[in-house]
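Note that numbering that gives the first Met the number 0 gives residue 22 to position 23 of the sequence shown, counting from 1, and the numbers run on in steps of one. Here a beta-carbon is modelled for each residue, glycine too, at the ideal position from N, C-alpha and C. Just so we're clear, the structure is a prediction, and the values are computed from it rather than from any experiment.
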Amino acid sequence: MSGFILETKSLTKAFGALVAVDHVDFRLPKGQLRAIIGPNGAGKSTFFSMLMGVQQPSSGEIRINGVDTSRMPPHKISRLGVSLAFQITNIFPNLTVEENLRLAAQNRSMSFHPFRNAAGQPGVETRVEEVLEEIELSGKRGELASNLAHGEQKYLEIGLALALSPELLLLDEPTAGMSAVETRQTAGLIKRLSERLSIVLVEHDMEVVMSIAEKISVFHHGEIIAEGTPDEIKNDEDVQRVYLRSSDAAA
Ligand SMILES: Nc1ncnc2c1ncn2[C@@H]1O[C@H](COP(=O)(O)OP(=O)(O)OP(=O)(O)O)[C@@H](O)[C@H]1O
Ligand SMILES: [Mg+2]
Numbered sequence: 000m001s002g003f004i005l006e007t008k009s010l011t012k013a014f015g016a017l018v019a020v021d022h023v024d025f026r027l028p029k030g031q032l033r034a035i036i037g038p039n040g041a042g043k044s045t046f047f048s049m050l051m052g053v054q055q056p057s058s059g060e061i062r063i064n065g066v067d068t069s070r071m072p073p074h075k076i077s078r079l080g081v082s083l084a085f086q087i088t089n090i091f092p093n094l095t096v097e098e099n100l101r102l103a104a105q106n107r108s109m110s111f112h113p114f115r116n117a118a119g120q121p122g123v124e125t126r127v128e129e130v131l132e133e134i135e136l137s138g139k140r141g142e143l144a145s146n147l148a149h150g151e152q153k154y155l156e157i158g159l160a161l162a163l164s165p166e167l168l169l170l171d172e173p174t175a176g177m178s179a180v181e182t183r184q185t186a187g188l189i190k191r192l193s194e195r196l197s198i199v200l201v202e203h204d205m206e207v208v209m210s211i212a213e214k215i216s217v218f219h220h221g222e223i224i225a226e227g228t229p230d231e232i233k234n235d236e237d238v239q240r241v242y243l244r245s246s247d248a249a250a
């Protein structure tokens with residue numbers, strides 16, 4: 000075994016003439032908290048959607064725990080222990096927090112025991128309780144999801160991903176639209192989760208990235224242009240150039 004929970008080789012996705020992800024070699028050691036940064040349109044979300052099987056690679060390979068998932072549909076990939084929060088928002092607004100989590104956890108146990116009724120199965124209720132604790136929404140378990148504050152809904156989305164008991168969690172801009180306080184709390188939550196999970200986090204908030212990521216991969220025009228620790232990335236000239244140029248363009 001390679002010891003990598005996730006490995007891509009020359010992974011490529013083209014939309015017509017536009018190569019959104021361009022021969023990406025990416026390796027995530029088990030247990031690592033990795034951030035992916037890069038300007039808008041760099042290919043970060045497209046990379047995630049291939050990892051989840053939502054989009055088919057144009058070429059190249061994806062391995063999860065050594066298993067080739069390059070052509071697998073999403074439900075098979077999630078059965079291998081990969082969860083994605085935020086790409087697919089699957090909160091049911093008219094169900095309570097607890098009911099939303101129970102549905103997600105049941106999905107997981109159904110996929111393992113397709114012919115057994117999930118209700119009453121040990122495991123589902125336990126998992127719901129654990130997740131409620133983890134995302135600190137135990138006090139709001141009976142609240143309708145639609146009544147939650149924006150930040151709490153984001154927490155619930157992370158909770159839905161966690162209810163599947165993943166080994167690898169993919170988070171696409173979890174702090175988008177959050178207040179400064181919510182952003183700090185979310186960074187704390189991700190850090191805590193990383194003690195028992197492998198995580199890949201796409202994030203624009205540099206303070207969050209620099210404070211919690213163990214390693215950072217920088218995407219630009221579909222390629223990884225730099226990889227390293229937060230300090231290495233801060234001091235990387237190519238990275239500075241890309242970010243200066245994109246903030247010039249925005250100004
Ligand atoms: N389904 C699609 N069809 C055509 N082009 C697409 C499609 N999805 C993404 N793209 C293009 O691929 C490129 C990469 O997009 P992607 O959404 O992966 O970037 P990103 O790094 O996630 O950006 P952001 O930081 O804005 O979320 C962009 O030029 C985008 O317009
Ligand atoms: Mg994106």
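- Secondary structure at residue 74: helix, using DSSP grouped into helix, strand and coil.
- Of the heavy atoms belonging to ligand 2, at least one sits nearer than 6 angstroms to the Cβ of residue 43.
- If you draw a straight line from the Cα of residue 200 to the Cα of residue 216, it comes to about 10 angstroms.
- Relative to ligand 1, the nearest heavy atom lies less than 6 angstroms away from the CB of residue 19.
- Excluding residues up to 5 positions away in sequence, 165, 166, 167 lie with their Cβ nearer than 7 angstroms to the Cβ of residue 80 in the same chain.
- If you draw a straight line from the Cα of residue 42 to the Cα of residue 97, it is about 34 angstroms long.
- By the C-beta density criterion, residue 138 is exposed, having fewer than 16 other C-beta atoms within 10 angstroms.
- Here residue 125 is exposed: its Cβ has fewer than 16 other Cβ atoms, across all protein chains shown, within 10 Å.
- Scanning 179, 182, 122, 27 for the CA closest to the CA of residue 3 turns up 27.
- Distances between the C-beta of residue 14 and the heavy atoms of ligand 1 include at least one below 6 angstroms.
- Leaving aside the five residues that flank residue 209 on each side, the residues in its chain whose CB is nearer than 6 angstroms to its CB run, in chain order, 229.
- When distances are taken from the beta-carbon of residue 59 to the heavy atoms of ligand 1, even the shortest one reaches 6 angstroms or more.
- A Cβ-Cβ distance of about 7 angstroms is found for the pair residue 84 and residue 173, placing them in contact under the 8 angstroms criterion.
- When rounded, the separation of the alpha-carbon atoms in residue 157 and residue 134 is 8 angstroms.
- The C-alpha of residue 100 is placed about 10 angstroms away from the C-alpha of residue 94.
- Between the segment 177-195 and the segment 18-26 there are fewer than three C-beta pairs closer than 8 angstroms, too few to call the two in contact.
- If the five residues before and after residue 226 are omitted, its C-beta is found closer than 6 angstroms to the C-beta atoms of 216, all from its own chain and listed in chain order.
- Spatial neighbours of residue 54 in its own chain (CB-CB distance under 6 angstroms, excluding positions within 5 residues in sequence) are listed in chain order as 48.
- Residue 16 is positioned such that its CB atom lies no closer than 7 angstroms to that of residue 57.
- With respect to the C-alpha of residue 130, the residue from 149, 191, 71 having the closest C-alpha is 191.
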